[in-house]
Amino acid sequence: MTLKQGKNNQTYEVKSIDMELGLERRLEALGLTEGTQITVLNNDKKGSLTAKFRGTRFAMGRRIADHIVVREVEEL
Amino acid sequence: MRKTINVGFIGNPNCGKTTLFNAFTGANLKVANWPGVTVEKKEGRATYKGLEFKLIDLPGIYSLSSYTMEETVSRECIMSDEVDVIIDVIDASSLERNLYLTLQLIELGKPVVLALNMMDIVEERGMEIDLHRLPEMLGVPAIPVSARKKTGLSILMHAVSHHKEYDRQGPLIHHHPGLQSSHRHNHHEEYAMVYEDYIEDKIDLIISALSQSYPHLDNKRWHAIKILEQDKGITNAYPLDLGNTVDRSYEKDIINQKYNFIEEIIGEVLVNKSRKEASTDKIDRYLTSRWLGLPIFLGIMALVFFFTFTIGDWLKGYFEIALEALSAAVSAGLASANTGEMMTSLVVDGIISGVGGILTFLPNIFILFLALAFLEDSGYMARVAFVMDDIMSRLGLSGRAFLPLLLGFGCSVPAIMASRALEHKRDRFKTILVTPFMSCSARLPIYVLFSSMFFGKHAMIVCYSMYVLGIVVAITTAFILSKMDGSKAEHALLIELPEYKAPNARTIAIYVWEKIKDYLTKAGTVIFIASVIMWGILNFGPGGYVTDITDSFGSIIGKAVVPIFRPAGLGQWQIIVALIAGIAAKEVVVSSCSVLFGIQNITTAHGMGTMVTTLGSMGFGALNAYALMVFCLLYVPCTATIATMHRELKSWKATLGIVFFQLLTAWTISTIVFQIGQLF
């Protein structure tokens, strides 16, 4: 599944990121790489969503969220 | 005489770096741009125990790679002799994110001092940071500070003065019980950040190649890491024949291992991680909610304008009284000094009524920027980008284009510069084209004057409608353009939503003071000159100095152009002259009116009364005033904006095209408004 399909307040693990180099690099510099845990905060709208990773909240456009493949993380 | 210590302030966006910087320097700043780019550079000075410090505020960045202009600028500055010691400002409540930049900075090899900001938030959330373990793991001093309460400032400077020549890291104490390194060096005693063996092996190979080819290069380890990342800037500057050592970019590995180390640090340093739910999440539930987000934003903007007009107008009253007294005193003074009629006219009708009229709007401008600074510093602006992203995307503009548009309410010049953040040239062009439609603060005096002259009680609504109309025109234009060029929505917004915080009085005060200073400078330069020129063309005609304004050059020019503007309800040559003069700066429309109609203290009730009567006798009523406001909202921005457009677009053709388009839009819409208005 992609991050865009994620549910609010659910934590996911990034499996792969597939977008143009520039954007991917920017995400990497922010610490969003394969294996990073990311919590969806507000995915109510059709377009952008807000999510939290590495301790910070971000707003993210739909195209970015569509191209981040994630899998659910079991809550401990 | 001791040498000045150059200190570079660096940190993530929203870490309170500027607040800390301001706490040291106060408003005594030198603000300029970095050479060649539009990234702002601030410098200040401070002293501590007889030592002189030169402080440089670097742009807020997340990493030291060179993908953005801010990153490149910061990196170059830190690497140069301009910086002796780095103060890395860290938001202690968000250690995980902030430490990434820290690790990169430490790798650079210059003395680094950590300033742990926002420790109060850490406490509030019931977390604790082990301030002894952190320096042990990083090898650099870590000083808790509060930029807002101004605590820890002298300890920070103390640390800086002690570490200025400290090019080696402090003693490092790492425990890696599970680690079985086959690498021949134990770097864990030397470097805070040690990579896995396969990376360290390659670093060693590159370092020895660098030592052969570039023996005098400082900090070879950092260069080796950058070469492994295939960083263009470094590989081009120091070409090496490395065989197949760098068979691919190891950037991802390096990033991931840095974050792994950060996790290790967090695990040891952050005590009591079970934190309370941050209040930010609760607030965001409303402010970024799907249904409430937009109405709340519009409500806040309406409130901002409400304050701008009510409180601003109330304060404006006092300015007017002062101005009236001044012009009366000067008139009397000049008369008693037997100054000639022409000179008196120049000073009183030209300069005082022109420049002075603009100064009376200072309270409105002050409140507007105060409100914008408040929204910015509290962390709300980033939410606006999120709330507006979908609408912007539908219009074919990137969500990030919203920031320039929002800045446009302040001034078009920085707004157009901010469009540099957009990646695609087409996006940039569109944003630059529509930004001037956002009503800048210079247009405010025009609205305030004409709406209070003609609309009385409804003046505020009329003003607000100008702002709304500006947004609508900007949006429509962007939409049509996107339909024309067939561009698809970007949907590539990426912006940090910082924790909400109580805005810092000092930060806001400094921000507002800078804007006020700009405004005053403009009044003293552009508007002053425009007022004098205006007075000149109105008091001189083909036959020399004229007493009847209708014989002047101004009148001749205005009358020649009037027929074009009659359909828009702007059939008075004086208005046309004021509009032409307004290209110098939009406030000049107001100052020119007072010169043109020979009314001193135009912003007072008496002055406005006279002007309404004068205009009324020319057949210029409320509808004409509204058409005029619409025209002023939309027509050619000021010369400074045109110059900025040219600088950003690097093409006169595109710039003049935009100017012509805006003139046409202004004429068309004000004509439509006037013609439809006449039907009722």
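Protein sequences appear in the order of chains X and C.
Under the working numbering, think of the first position of the first sequence as 2, with each following residue one higher.
Under the working numbering, think of the first position of the second sequence as -11, with each following residue one higher.
By construction, the Cβ of each residue, glycine as well, lies at the ideal position given by its N, Cα and C atoms.
Predicted, not measured: the structure shown is a model, and the values here were computed from it.
Residues that DSSP places opposite Arg382/C in a beta bridge: DSSP lists no partner for Arg382/C.
4-residue-minimum alpha helix (DSSP H) runs that sit fully inside the region 117 to 161 of chain C, ordered along the chain: Runs of the alpha helix (DSSP H) inside the region 117 to 161 of chain C: 121 to 126, 141 to 151.
Check whether Ala654/C and Tyr614/C have beta carbons under 8 Å apart: No, the pair does not count as a contact, with Cβ atoms beyond the cut-off.
Bridge-paired residues (DSSP) for Val100/C: According to DSSP, Val100/C bridges with Ile74/C.
8 Å Cβ cutoff, Asn260/C in contact with chain X: No - not a single Cβ of chain X is within 8 Å of the one on Asn260/C.
Whole alpha helix (DSSP H) elements within the region 229 to 288 of chain C, 4-residue minimum: You should have 239 to 257, 267 to 275.
Per-residue contacts from Glu29/X into chain C (C-beta, under 8 Å): Result: Glu239, Lys240, Ile243.
Three-state class that DSSP yields for Asn44/X in the structure shown: The answer is coil: DSSP assigns Asn44/X none of H, G, I, E or B.
Contacts of Arg554/C in chain X (Cβ-Cβ under 9 Å): Going along chain X, no residue has its Cβ under 9 Å from Arg554/C, so there is no contact; the nearest lies around 46 Å.
Chain X within 8 Å of Met(-11)/C, Cβ atoms only: Confidence in Met(-11)/C is poor, its pLDDT being 48 and thus under 50, which makes the residue's placement unreliable; the coordinate value appears in the next sentence. With 8 Å as the cut-off, Met(-11)/C does not count as an interface residue toward chain X.
N- and C-terminal bounds of the beta strand (DSSP E) containing Leu50/X: In the DSSP assignment, Leu50/X falls within the beta strand (DSSP E) that extends over 50 to 54.
Nearest to Gly474/C (by Cα), restricted to the options Asp206/C, Asp415/C, Leu482/C: Comparing Cα positions, the closest option is Asp415/C.
Residue interval of the alpha helix (DSSP H) (run including Thr495/C): Looking at the DSSP string, the run of the alpha helix (DSSP H) that includes Thr495/C is 493 to 512.
Within chain C, the residues that Asp45/X reaches when beta carbons sit closer than 8 Å: Ordered by position in chain C, the residues that pass the 8 Å Cβ test against Asp45/X are Ser277, Arg278.
Chain X residues whose Cβ lies nearer than 8 Å to that of Arg85/C: Result: Leu31, Gly32, Arg55, Gly56, Thr57.
DSSP-derived helix/strand/coil call for Ser319/C: Ser319/C falls in the helix class under three-state DSSP.
Beta carbon proximity, Tyr202/C to chain X, threshold 8 Å: By this cut-off, Tyr202/C is not an interface position.
Spatial neighbours of Leu584/C in its chain, beta-carbon cut-off 7 Å, leaving aside the 5 residues before and after: Cβ neighbours of Leu584/C beyond the five flanking positions: Leu526, Gln562, Val565, Ala566.
Which listed residue (Gly300/C, Thr629/C, Leu667/C, Leu621/C) has its alpha carbon closest to that of Thr656/C: That would be Leu621/C, whose Cα lies nearest to the Cα of Thr656/C.
Local Cβ density within 10 Å of His211/C, reported as buried at 16 or more and exposed below that: His211/C sits buried, since 16 or more C-beta atoms from the chains shown fall within 10 Å of its C-beta.
Near the ligand PLP: Arg236/C beta-carbon under 7 Å from a heavy atom: By its list of ligands, the structure shown contains no ligand whatsoever, and the ligand PLP lies outside what it can speak to.
Interface residues of chain C facing Met2/X [CB-CB closer than 7 Å]: Result: empty, since nearest Cβ-Cβ is about 18 Å, beyond 7 Å.
Interface positions of the region 89 to 114 of chain C facing chain X (Cβ-Cβ less than 8 Å), listed along the chain: Those residues of the region 89 to 114 of chain C that come within reach of chain X (Cβ to Cβ, closer than 8 Å) do not exist; the list is empty.
Cut-off 8 Å between Cβ atoms - residues of its own chain near Val71/X, not counting five sequence neighbours on either side: Closer than 8 Å at the Cβ level, and outside the excluded window around Val71/X, lie Met2, Thr3, Leu4, Gly7, Tyr13, Glu14, Val15, Lys16, Ile39.
Member of Thr60/C, Leu334/C, Thr276/C whose CA lies at the smallest distance from the CA of Gly48/X: Answer by Cα proximity: Thr276/C.
Where Leu52/C falls: helix, strand or coil (DSSP): Leu52/C carries a coil assignment under DSSP once its states are collapsed to helix, strand and coil.
Among Phe297/C, Gly300/C, Ala325/C, Val343/C, nearest to Leu311/C - alpha-carbon criterion: Minimum Cα distance to Leu311/C is reached at Val343/C.
Interface flag, Ile18/X vs chain C, CB-CB below 8 Å: Judged by the 8 Å Cβ criterion, Ile18/X is not in contact with chain C.
is_contact[Arg72/X, chain C] using C-beta, thresh 8 Å: Using a Cβ-Cβ cut-off of 8 Å, Arg72/X does not count as an interface residue toward chain C, since no Cβ of chain C sits closer than that to its own.
Closer than 8 Å to chain X by CB, Glu484/C: It does; some Cβ of chain X falls within 8 Å.
Under the three-state DSSP convention, the category Met(-11)/C falls into: Any answer about Met(-11)/C is weak, because its pLDDT of 48 lies below 50 and its placement is not dependable; what the coordinates show is given next. DSSP places Met(-11)/C in coil when its eight states are reduced to three.
Where the alpha helix (DSSP H) containing Glu217/C begins and where it ends: Segment: none, Glu217/C is in no alpha helix (DSSP H) and carries neither H nor E.
Three-state secondary structure (DSSP) of Asp206/C: Under the three-state reduction of DSSP, Asp206/C is assigned to coil, being neither helix nor strand.
Where the alpha helix (DSSP H) through Ala34/C begins and ends: It is not in any alpha helix (DSSP H) - Ala34/C instead sits in the beta strand (DSSP E) that spans 28 to 36.
Under 8 Å by beta carbon: chain C residues contacting Ile65/X: Chain C residues near Ile65/X: His479, Ala480, Leu481, Leu482.
Closer than 8 Å to chain C by CB, Gly62/X: Cβ-Cβ to chain C under 8 Å: yes for Gly62/X.
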